[in-house]
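Numbering (mature numbering (1 follows the signal peptide of the UniProt record, and there is no 0)), first residue to last: -25 to -1, 1 to 412.
Just so you know, even glycine gets a beta-carbon here, dropped at the ideal spot from N, CA and C.
Everything numeric in this text was worked out from a predicted model, so none of it was measured.
Everything on this sheet refers to the single structure shown next.
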């Protein structure tokens, strides 16, 4: 999910799979948790230190399960929300190693209907709201009033690295909780929608499948929709099977047609409607992350293409890499900034329009290419950035190397800490829209 990498011979196209982003931004889709061991979803850190709120909607028929958890990574502070005692929500938290404070809601939420849940943090007090019918609060008897938070906001379960290392968990017993089974959607922090950073064994789904029939993504008789072929990823949108073929090298509504000319950001077919356009909306707190560490990419050339629209002068559009090996694309003072460093010095380009700025709330197309130029077995990269196909800047990286590579996180639309990214000319996340050119 997130960013897709299409390897085509000696080069790869870096593509944004906007299916997930588009659904989150426009359709209000939910995350489906099957209740399997090893499932989890990580959202950006919720700074619940002092006065803050987070909310979400929940649908389940389970009586038990871990709904959400975060902590200070093994010291004193944590907050846990679980389903227990006949499908009621129980909230526990601690500050400064004080005896945990716990409250148990009166309203069962495991009736298969959507319920609104809101958690309000106010220093030593925490309040739990359920729909418009219940509000309970509890106070922790702590010498310190501020909660410390280091971890991300974990929903539905724990990632494997935390299950394997109990010392990283402040509340060790959370490892024994059953995984949540059901649906969660519309996760918000202080009224702003937030998107998952990463996840495992969790899928995006508009609604739970009808009890009387299977999911459109399940294999069926001829004419009943079928499944995505050649490794395509199936999602359900408006009760229709939608195939994301972006990683397969194939196209078509079921990923059955070989694609010999893959271009652009995303290739998605929906029924017989042809190619659908998905626009990802970012409000400054959302961002998308793809972990390349498990599947490092090496190639002799690569290309990044995207379109953006914004009124914001500064904002991170994408970043990958760390230390002295990174690529950073951002909007800086209304101009498009590109910074690439492969180890011995950065190549920097700033593309400015002849008149005005690019933050004019109009669509602008960006294309970045890196091509390896070899001589005697080593090479340097020629880098070209163009905006709207007219304004172009070309230069060369300073490092000698044999292949282009990427093995780190790839951020789109922002990051957890943009100001701390190496080479970042801006400190804030992107606010506006991104789409396929």
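- Between the alpha carbons of residue 263 and residue 84 lies a distance of about 30 Å.
- For residue 123, the three-state secondary structure derived from DSSP is coil.
- Here the C-alpha atom of residue 126 lies approximately 45 Å from the C-alpha atom of residue 329.
- Residue pairing from DSSP places residue 83 in a beta bridge opposite 63.
- Inclusion of residue 159 and residue 124 in the CB contact set at 8 Å is not warranted, their separation being larger than that value.
- Contact annotation: residue 157 and residue 297 have beta-carbon atoms that are not nearer than 8 Å.
- Non-local beta-carbon contacts of residue 13 in its own chain, meaning distances under 7 Å to residues more than five positions away in sequence, involve 135, 175 and 176 in chain order.
- Per DSSP, residue 9 is one residue of the beta strand (DSSP E) stretching across 5 to 9.
- For residue 81, the closest C-alpha among the options 71, 74 and 59 is that of 59.
- Spanning the alpha carbons of residue 24 and residue 226 requires a straight line of approximately 47 Å.
- Residue 19 sits buried, since 16 or more C-beta atoms from the chains shown fall within 10 Å of its C-beta.
- In the three-state scheme derived from DSSP, where H, G and I count as helix and E and B as strand, residue 102 is classed as strand.
- For residue 137, the uninterrupted alpha helix (DSSP H) segment begins and ends at 135 to 139.
- Look at residue 310 here: in three-state DSSP terms it is strand.
- Nearest to residue 66 by C-alpha distance, out of 72, 45 and 50, is 45.
- A contact is defined here as three or more CB-CB pairs under 8 Å, and the region 39 to 56 meets this definition with respect to the region 138 to 157.
- Nearest to residue 39 by alpha-carbon distance, out of 279, 97, 63 and 49, is 63.
- Judged by their CB atoms, residue 306 and residue 324 are not nearer to each other than the 8 Å cut-off.
- Around the C-beta of residue 300, 16 or more other C-beta atoms lie within 10 Å, and the residue is accordingly described as buried.
- Bounds of the beta strand (DSSP E) holding residue 30 are 26 to 34.
- Judged by DSSP in its simplified three-state form, residue 149 adopts helix.
- Scanning its chain for C-beta atoms nearer than 7 Å, with the 5 sequence neighbours on each side dropped, one finds around residue 401 the residues 289, 290, 291, 305, 307 and 393, in chain order.
- Counting the other Cβ atoms within 10 Å of the Cβ of residue 395 gives fewer than 16, which makes it exposed.
- For residue 16, the pairing in a beta bridge is given by DSSP as 130 and 174.
- Take the alpha-carbon of residue 74 and the one of residue 118: they are about 11 Å apart.
- Residue 283 holds the alpha-carbon nearest to the alpha-carbon of residue 334 among 360, 412, 283 and 384.
- The continuous beta strand (DSSP E) containing residue 323 extends over residues 321 to 326.
- By the CB criterion at 8 Å, residue 168 and residue 90 fall outside the cutoff.
- In the three-state reduction of the DSSP assignment, residue 118 falls in the coil class.
- Annotation for residue 408: the continuous beta strand (DSSP E) segment containing it runs 406 to 410.
- In the DSSP annotation of this structure, the continuous segment of the beta strand (DSSP E) that includes residue 97 starts and ends at 90 to 97.
- Residue pairing by DSSP puts residue 168 in a beta bridge opposite 163.
- At least 8 Å separates the beta-carbon of residue 403 from that of residue 388.
- In this structure, the CA atom of residue 28 is about 21 Å from the CA atom of residue 48.
- Of the candidates 336, 266 and 340, 266 places its Cα closest to the Cα of residue 386.
- Classified as buried, residue 295 has 16 or more neighbouring CB atoms from the shown chains inside 10 Å of its CB.
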